[in-house]
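K.L.:
With the UniProt record's numbering applied, the sequence shown covers 1 to 518.
C-beta: ideal position from N, C-alpha, C; glycine also.
Supplied in structure tokens, the structure appears directly below.
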Amino acid sequence: MANMNKKRELISCRDVLWFLVFCGFAINYMLRLNLNLTIVAMVIPHPKPAAVTQCNMENSTSPWTNQTSEDNNTFPITTPSVENVTYEDRFAWNEYEQGLTLGAYYWLHWLTQLPGGILARRYGTKRVFGLGNLLTALLGFFTPYVTHLYALIVLRVLQGLVAGVIWPSMHDMTAKWIPQYERSKFVSAYLGSSVGAAITYPLCATVTNFFGWGASFHVTSLLGVIWYCFWHFLVYDSPQQHPRISNDEKNYILDNIAGSVEDKEETRIPWRSIILSRPMWITIAAHWGAAWGILTLMTQAPTYFNFIHGWNINATGILAGAPHLLRMLFSYFFSTMCDWLLRTRRMSLTKVRKLATFVATGMQGIFLVALGFSGCHPLFAVIFMMMGTAVNGAMSASTLANFVDLSPNYASILLGFAGMIIIWAGFISPAIVGALTNNNQTVGQWRLVFLIAAANSIVSCIIYILFGTSKEQPWNQYVNLNTKEREMQELTTETVKHENDAEDTEKSNFIKERYRNR
């Protein structure tokens with residue numbers, strides 16, 4: 001029996017939850033990013049990479065660059081002379097139209113961010129997070145059959161609208177399952193999105209190479225359906241609902257989660273306090289810079305390396321995916337270090353969050369500046385792009401965790417409200433890229449793209465370091481305070497009632513006594 005208990009403790013319910021959350025966010029990003037790479041194979045290519053004509057570079061014969069299929073077995077994206085080549089399965093979309101298509105996912109994505117947090121509080125993260133991924137995957141099956149630009153845009157808008165509930169809904173489960181000293185490490189599971197990106201790009205490149213670009217959407221959607229089956233049967237919204245959790249683990253979780261409310265569907269939300277909260281707006285500002293930077297790198301990297309440096313789809317897939325694997329690894333180890341700093345009291349919670357924000361946004365901004373000035377040097381461009389993406393993994397210990405720190409009871413609401421604002425970066429950035437590079441694919445224009453992203457990152461970092469805090473806000477206990485007030489009111493009402501009854505009894509006895517004396 002002791003051995004069975006020991007085996008049971010080797011993998012806790014929190015470990016299973018971490019793994020499925022990790023995979024869930026990976027699926028979310030696979031369904032979000034599959035178009036970013038596949039669009040390279042969907043549009044008619046440019047004759048020559050920009051770096052060849054603008055930097056006095058000779059066209060490489062490396063297997064990483066684009067060649068004709070006769071010269072190389074790699075999938076051709078651009079060729080030295082495309083004038084004599086016809087592409088029956090490709091679209092004549094210019095850079096502006098491509099920017100519209102890539103940004104369409106985010107057009108209404110913001111609209112369901114706050115409802116995602118509210119729905120998770122009412123119906124549970126299991127249902128909201130799970131169905132958000134499942135429905136996005138089912139819509140993805142239709143992508144290869146949409147042959148008109150605006151029809152594809154509408155489909156991407158619907159996917160983004162449905163998937164908007166995913167990120168904010170998870171914070172409600174995090175607040176119910178994860179003690180504060182484990183929070184940074186657990187939130188690193190959100191960076192499963194990075195592994196999703198790392199897998200998506202080479203996976204879509206390989207599938208496109210062998211089966212055509214339409215198959216890549218079928219494969220990613222099928223993976224989403226398979227994940228949902230495991231999620232549905234293995235995950236529960238709280239430790240109290242889990243039928244297989246040990247008493248030791250359940251008691252440990254409940255004893256170490258302070259200030260949480262189990263019946264959140266019955267609670268009122270202090271909207272005014274949240275909207276007027278200065279610490280929350282400062283956290284949103286920091287999150288904005290980090291999001292703008294990573295969305296620019298994540299969305300535009302395949303296009304940038306294809307058009308500027310002429311990398312073929314296989315090389316672009318590996319190149320665009322590898323930094324996100326580094327991002328996840330960096331997130332996991334950096335978050336573990338942050339939790340250690342908190343447990344050993346070497347740094348306060350606020351200082352740990354500021355350190356993480358400096359790494360996630362400040363250092364990301366520095367690498368974006370370096371990337372902008374390395375346009376004619378592909379090796380340096382690769383290094384700075386990878387480093388800029390990797391350090392963003394510190395988000396799990398900075399702004400993402402800080403929303404839970406400010407208010408465990410309303411963490412999903414905070415992240416949902418923040419998402420409504422931050423997600424605008426998701427379609428503003430591609431729109432800017434499309435406007436700057438439309439019929440103007442130059443190293444200089446892409447430098448402006450990366451410098452704009454760097455400015456967002458660095459400014460937001462400075463704001464948070466100067467004014468940010470991780471202290472739990474007074475309105476987090478809004479419900480408890482109201483409960484006490486109601487109890488006091490009820491107690492006062494009962495006391496007054498008893499006093500009135502006693503007074504009435506006394507008056508009645510006095511009248512009876514006088515009547516007897518008569």
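In whole angstroms, what is the alpha-carbon distance linking glycine 365 and serine 396?
P.N.:
Between glycine 365 and serine 396, the C-alpha separation is close to 17 Å.
K.L.:
The alpha helix (DSSP H) with arginine 14 in it runs from where to where?
P.N.:
It spans 13-42 - the alpha helix (DSSP H) in which arginine 14 sits, taken as one unbroken run.
K.L.:
Do you know how far the Cα of threonine 336 is from the Cα of lysine 250?
P.N.:
Their backbone Cα atoms lie some 22 Å apart in a straight line.
K.L.:
Do alanine 394 and alanine 360 count as a contact pair if the criterion is CB distance below 7 Å?
P.N.:
A contact, by the Cβ cut-off of 7 Å.
K.L.:
For phenylalanine 333, which of helix, strand or coil comes out of DSSP?
P.N.:
Three-state DSSP puts phenylalanine 333 in a helix.
K.L.:
Which residue comes first and which comes last in the alpha helix (DSSP H) that contains isoleucine 282?
P.N.:
Note, isoleucine 282: alpha helix (DSSP H), 278-307.
K.L.:
Look up phenylalanine 450 in the DSSP assignment and say whether it is helix, strand or coil.
P.N.:
Note: phenylalanine 450 maps to helix in three-state DSSP.
K.L.:
Per DSSP, what are the beta-bridge partners of phenylalanine 91 in this structure?
P.N.:
In the DSSP output, where bridge partners are listed per residue, phenylalanine 91 has Val43.
K.L.:
Is threonine 344 near serine 398, with beta carbons less than 7 Å apart?
P.N.:
In this structure, serine 398 does not lie closer than 7 Å to threonine 344 by Cβ.
K.L.:
Put serine 62 into one of helix, strand or coil per three-state DSSP.
P.N.:
Any reading at serine 62 needs caution, since the residue's pLDDT is 44, under 50, leaving its predicted position unreliable; the model's value is listed next. The answer is coil: DSSP assigns serine 62 none of H, G, I, E or B.
K.L.:
Would you list, in sequence order, the uninterrupted alpha helix (DSSP H) runs of no fewer than 4 residues that lie entirely inside the region 179-222?
P.N.:
Runs found: 183-187, 192-211.
K.L.:
How about asparagine 402 and valine 40: are their beta carbons less than 7 Å apart?
P.N.:
In this structure, valine 40 does not lie closer than 7 Å to asparagine 402 by Cβ.
K.L.:
By Cβ distance below 7 Å, which residues in the same chain neighbour asparagine 34 in space, the five residues on each side in sequence not counted?
P.N.:
The residues are Thr200, Cys204, Ser216, Phe217, Thr220.
K.L.:
Cα separation between valine 352 and phenylalanine 91?
P.N.:
Taking the straight line from one Cα to the other gives about 49 Å.
K.L.:
Mind checking if tryptophan 231 is an interface residue toward chain D, Cβ cutoff 7 Å exclusive?
P.N.:
Judged by its chain identifiers, the structure shown contains no chain D, having just a single protein chain.
K.L.:
Looking at the unbroken alpha helix (DSSP H) that takes in proline 168, where does it start and where does it end?
P.N.:
Proline 168 -> alpha helix (DSSP H) spans 166-177.
K.L.:
Would you mind stating whether leucine 451 and glycine 372 have Cβ atoms separated by less than 7 Å?
P.N.:
A contact, by the Cβ cut-off of 7 Å.
K.L.:
Between which two residues does the alpha helix (DSSP H) containing isoleucine 245 stretch?
P.N.:
Unbroken run through isoleucine 245: none, as it is neither H nor E.
K.L.:
Taking the C-alpha atoms as reference points, what is the distance between isoleucine 413 and phenylalanine 211?
P.N.:
Straight-line Cα distance between these residues: approximately 43 Å.
K.L.:
Along the alpha helix (DSSP H) that carries glutamine 404, what are the first and last residues, could you check?
P.N.:
For the record, residue 404 in the displayed sequence is valine; it is not glutamine. Per DSSP, valine 404 belongs to the alpha helix (DSSP H) from 399-406.
K.L.:
Anyone know if the C-beta pair for asparagine 28 and isoleucine 178 falls short of 7 Å?
P.N.:
Not a contact, by the Cβ cut-off of 7 Å.
K.L.:
Would glycine 130 be called buried (16 or more neighbouring beta carbons within 10 Å of its own) or exposed?
P.N.:
Buried: at least 16 other Cβ atoms inside 10 Å.
K.L.:
With histidine 309 and proline 202 assumed to form a contact (beta carbons below 8 Å), what rounded beta-carbon distance in angstroms separates them?
P.N.:
17 Å between Cβ atoms; not a contact.
K.L.:
On a CA-only basis, which of Val391, Gln98, Ala286 is nearest phenylalanine 330? Give me that one, please.
P.N.:
Looking at the Cα atoms, Val391 is the closest of the given residues.
K.L.:
Kindly indicate which residue of Pro270, Phe141, Gly224, Phe467 has the alpha-carbon position closest to the one of cysteine 477.
P.N.:
According to the sequence as given, residue 477 is glutamine; it is not cysteine. Out of Pro270, Phe141, Gly224, Phe467, Pro270 has the C-alpha closest to the C-alpha of glutamine 477.
K.L.:
Which value, in whole angstroms, describes the spacing of the CA atoms of glycine 293 and valine 459?
P.N.:
Going from the Cα of glycine 293 to the Cα of valine 459 covers about 12 Å.
K.L.:
Between the region 454-471 and the region 102-120, do three or more beta carbon pairs fall short of 8 Å?
P.N.:
With a cut-off of 8 Å, the region 102-120 and the region 454-471 do not count as touching, because too few Cβ pairs lie within range.
K.L.:
Exposed or buried, which one is threonine 101 when buried takes at least 16 other CB atoms within 10 Å?
P.N.:
Classification of threonine 101: buried, given that the 10 Å Cβ count is 16 or more.
K.L.:
May I ask which residues mark the beginning and end of the alpha helix (DSSP H) holding asparagine 133?
P.N.:
Asparagine 133 -> alpha helix (DSSP H) spans 125-140.
K.L.:
Please report how far the alpha carbon of residue 525 lies from the alpha carbon of valine 443, in whole angstroms.
P.N.:
For residue 525 there is no data in the structure shown, the boundaries of the chain being 1 and 518.
K.L.:
Which first and last residues belong to the alpha helix (DSSP H) in which arginine 354 is found?
P.N.:
Strictly speaking, residue 354 in this sequence is lysine, with arginine absent from that position. Taken as a continuous stretch (DSSP letters only), the alpha helix (DSSP H) holding lysine 354 covers 349-357.
K.L.:
Among the residues of its own chain, which have a CB less than 6 Å from the CB of glycine 103, if the five just before and after it don't count?
P.N.:
These residues qualify, in order along the chain: Phe427, Pro430, Ala431.
K.L.:
Report yes if the CB atom of isoleucine 284 is closer than 7 Å to the CB atom of alanine 189, and no otherwise.
P.N.:
Cβ atoms of isoleucine 284 and alanine 189: not closer than 7 Å.
K.L.:
When burial is assigned at 16 or more other CB atoms within 10 Å of the CB, is lysine 185 buried or exposed?
P.N.:
It is buried - the Cβ of lysine 185 has at least 16 other Cβ atoms within 10 Å.
K.L.:
Using the beta-carbon count (16 or more within 10 Å), is threonine 125 buried or exposed?
P.N.:
Its Cβ being crowded by 16 or more others within 10 Å, threonine 125 is buried.
K.L.:
Where serine 60 and asparagine 438 are concerned, what is the direct C-alpha to C-alpha distance, given to the nearest angstrom?
P.N.:
Bear in mind that the predicted position of serine 60 carries a pLDDT of just 44, short of 50, making it unreliable; the figure below should be weighed with that in mind. Cα to Cα, the separation comes out at about 25 Å.
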